[in-house]
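Engineer:
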Amino acid sequence: MKKDRHFIPLKPHLYNDFACPECGAPAPRSIRAMVLGKQTAAEYECLACGLIFVRDLPAGFTIDVPFAFRSQDKHPYHPPNGPAEDWPAYPAYQVPLTDRYNVQRKVFKECKRIIILNTIDHLYGHVLLKLLNAQHYLDNHPDIGLVVIVPRMFEWLVPEGVAESWVFDIKLKQAWGWNAGIDAFVQEQWDRYEEIYLAPGYSHPDFTRIDIERFTRIEPFRLEDYLKVPPLITFVTRHDRLWYASPLTKFMHRALRKIGVFPNIAVWMQDRMVAGTIRKVRKRLPGAKFAVVGLGHPNGMPEGVEDLRTMRMDLDTELDWCRVYAKSQVVVGVHGSNMILPTAHAAGCVEILPYDRYGNMVQDLSVRYKDRMQLFMYRFTDEFASPRYVARHVVSMFKDYEVYRIDNQVNIF
Numbered sequence: 033m034k035k036d037r038h039f040i041p042l043k044p045h046l047y048n049d050f051a052c053p054e055c056g057a058p059a060p061r062s063i064r065a066m067v068l069g070k071q072t073a074a075e076y077e078c079l080a081c082g083l084i085f086v087r088d089l090p091a092g093f094t095i096d097v098p099f100a101f102r103s104q105d106k107h108p109y110h111p112p113n114g115p116a117e118d119w120p121a122y123p124a125y126q127v128p129l130t131d132r133y134n135v136q137r138k139v140f141k142e143c144k145r146i147i148i149l150n151t152i153d154h155l156y157g158h159v160l161l162k163l164l165n166a167q168h169y170l171d172n173h174p175d176i177g178l179v180v181i182v183p184r185m186f187e188w189l190v191p192e193g194v195a196e197s198w199v200f201d202i203k204l205k206q207a208w209g210w211n212a213g214i215d216a217f218v219q220e221q222w223d224r225y226e227e228i229y230l231a232p233g234y235s236h237p238d239f240t241r242i243d244i245e246r247f248t249r250i251e252p253f254r255l256e257d258y259l260k261v262p263p264l265i266t267f268v269t270r271h272d273r274l275w276y277a278s279p280l281t282k283f284m285h286r287a288l289r290k291i292g293v294f295p296n297i298a299v300w301m302q303d304r305m306v307a308g309t310i311r312k313v314r315k316r317l318p319g320a321k322f323a324v325v326g327l328g329h330p331n332g333m334p335e336g337v338e339d340l341r342t343m344r345m346d347l348d349t350e351l352d353w354c355r356v357y358a359k360s361q362v363v364v365g366v367h368g369s370n371m372i373l374p375t376a377h378a379a380g381c382v383e384i385l386p387y388d389r390y391g392n393m394v395q396d397l398s399v400r401y402k403d404r405m406q407l408f409m410y411r412f413t414d415e416f417a418s419p420r421y422v423a424r425h426v427v428s429m430f431k432d433y434e435v436y437r438i439d440n441q442v443n444i445f
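Note that our numbering gives residue 294 to position 262 of the sequence shown, counting from 1, and the numbers run on in steps of one.
1) With serine 360 and isoleucine 244 assumed to form a contact (beta carbons below 8 Å), what rounded beta-carbon distance in angstroms separates them?
2) Starting from isoleucine 214 and walking both ways along the alpha helix (DSSP H), at which residues does that stretch end?
3) Under the DSSP definition of a beta bridge, which residues are partnered with glutamine 136?
4) Which same chain residues end up closer than 7 Å to proline 53 when comparing Cβ atoms and leaving out the 5 residues on each side of it in sequence?
5) Quick check: what's the CA-CA separation for aspartate 348 versus isoleucine 95?
6) Which of helix, strand or coil does DSSP assign to leucine 1?
7) Is it buried or exposed for glutamine 126, if we count other Cβ within 10 angstroms and need 16 for buried?
8) Any chance you could list the alpha helix (DSSP H) runs of at least 4 consecutive residues sitting entirely within the segment 126-198, in chain order?
9) Using three-state DSSP, classify lysine 205 as helix, strand or coil.
10) Quick test of your reading: isoleucine 148 and isoleucine 228, contact by CB under 8 Å. State the CB separation rounded to the nearest angstrom.
11) Does the distance from the CB of tyrosine 401 to the CB of proline 374 come in under 8 Å?
12) Bridge partners for serine 62 per DSSP, in chain order?
13) So proline 174 and threonine 309 are in contact, right, with Cβ under 8 Å, and what is the actual spacing, rounded?
14) Might you give, ordered along the chain, the residues of its own chain that have their beta carbon closer than 7 Å to the beta carbon of alanine 417, omitting 5 neighbours on each side?
15) In angstroms with no decimal places, state the Cα-to-Cα distance between glutamine 395 and alanine 378.
16) Taking the alpha carbon of leucine 407 as the reference point, which residue from Tyr390, Asn392, Val427 and Cys381 has its own alpha carbon closest?
17) Counting beta carbon pairs with one atom in the segment 284-297 and one in the segment 314-321, are three or more of them shorter than 8 Å?
18) Measure the CB-CB distance between arginine 273 and valine 366 and report whether it falls below 8 Å.
19) What span of residues does the alpha helix (DSSP H) with aspartate 348 cover, start to end?
20) Which residue's Cα is closest to the Cα of leucine 129: Gly391, Gln206, Leu155 and His168?
21) Are proline 232 and histidine 38 closer than 8 Å when you measure CB to CB?
22) How many angstroms separate the CA atom of alanine 216 from the CA atom of glutamine 167?
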């Protein structure tokens, strides 16, 4: 089998390069792999002490902190390097779910050696980031067929070249649970293949190596055209993580929302801040165009703004938004998975970063440049930044662009 840390062996040899969590004996006997939706795990038996247990396979967010539990009673075993997520203890994992979510196995080329990339997750951004791992295997391991396990709502992003896609009509929230139906389908496929691996599904790929056009079929904004076309600034808004004017505004909104009073007032205030930013940018960049996207109701924007917000998502909307990103020099939005595709297509961004997301800085941005241009093109503001402050950044990204580019890309060795 392939000796590569980016390939976790499943068949004919199942990964067991670790010690028994009870007695410490090496290399427990492998019993079977399990694909339970979000979780990919395997069952083992220790030949020294007889313990039968389930342990996370080193994929997704369990790579560094794999959790294990005794099969008999779910007694937990945490790794030596810190506590892991005790997912079997959650209520959603107490009763196995037999739903197969109208799964479809789509075969594009027959392969006997495959690597499975499981992208199912309960968070939108996690699914998307895992899916981007596909490019590595398509480019570097064409001799092994790539099989992508994907929720139906993300199927449009599966790149050409995969051997198969196993498409589940599963909602994000349904990924959080013991999905025995998904596992049963996967087990039924096992005998088709001679050699099977699991992709780790890294959560934070190097975006400078990602060709987003292979996933969305939309060419991103070319930096050489930055000043050749009229400025287009796109605001990415959301109603569940907001741009607040002040700490007091944030506190009052959360307090009022709990008692059901004025639940949407902060959304209205955010719209006012976006509109205010647009007006201030227009004063300095009279020829600029603006667009607004995101889950929400289109209203409250200045005249001439293309407001593409909607509460009903479908493929046409996804593609329309991506086309707008790809025409935008700058996208503006609050930190979150809503910024992954916008920054993958636009030339740069201004991100409003909440205090509690400092530890996740840049994880939601598709940084496209390796040189100093990334410092110029990807900017961060305080979560309570004023429209004036955000507008200054946007204007600077146009007014100062050419001098910065020449100094840092041309006049160097």
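Idealized CB from N, CA, C, for every residue including glycine.
Structural biologist: The answer reads as follows:
1) With a Cβ gap of about 14 Å, serine 360 and isoleucine 244 do not count as contacting.
2) 212-221
3) As computed with DSSP, glutamine 136 is found in a beta bridge with Val199.
4) Phe85, Ala100 and Tyr109
5) 35 Å
6) Outside the shown range of the chain, which is 33 to 445, sits residue 1, and nothing can be said about it.
7) In summary, glutamine 126 is exposed, with fewer than 16 beta-carbon neighbours lying within 10 Å of its beta-carbon over all protein chains present.
8) As for any alpha helix (DSSP H) of minimum length 4 sitting wholly inside the segment 126-198, the runs are 156-163 and 166-172, ordered along the chain.
9) helix
10) 7 Å
11) no
12) Tyr76
13) About 47 Å; that fails the 8 Å criterion.
14) Here the set comprises Ile384.
15) Going by the C-alpha atoms only, they are around 16 Å apart.
16) Proximity to leucine 407 across Tyr390, Asn392, Val427 and Cys381 peaks at Cys381, based on C-alpha coordinates.
17) no
18) Their beta carbons are under 8 Å apart, which means arginine 273 touches valine 366 by this criterion.
19) 347-358
20) Gln206
21) yes
22) Each residue's alpha carbon lies about 28 Å from the other.
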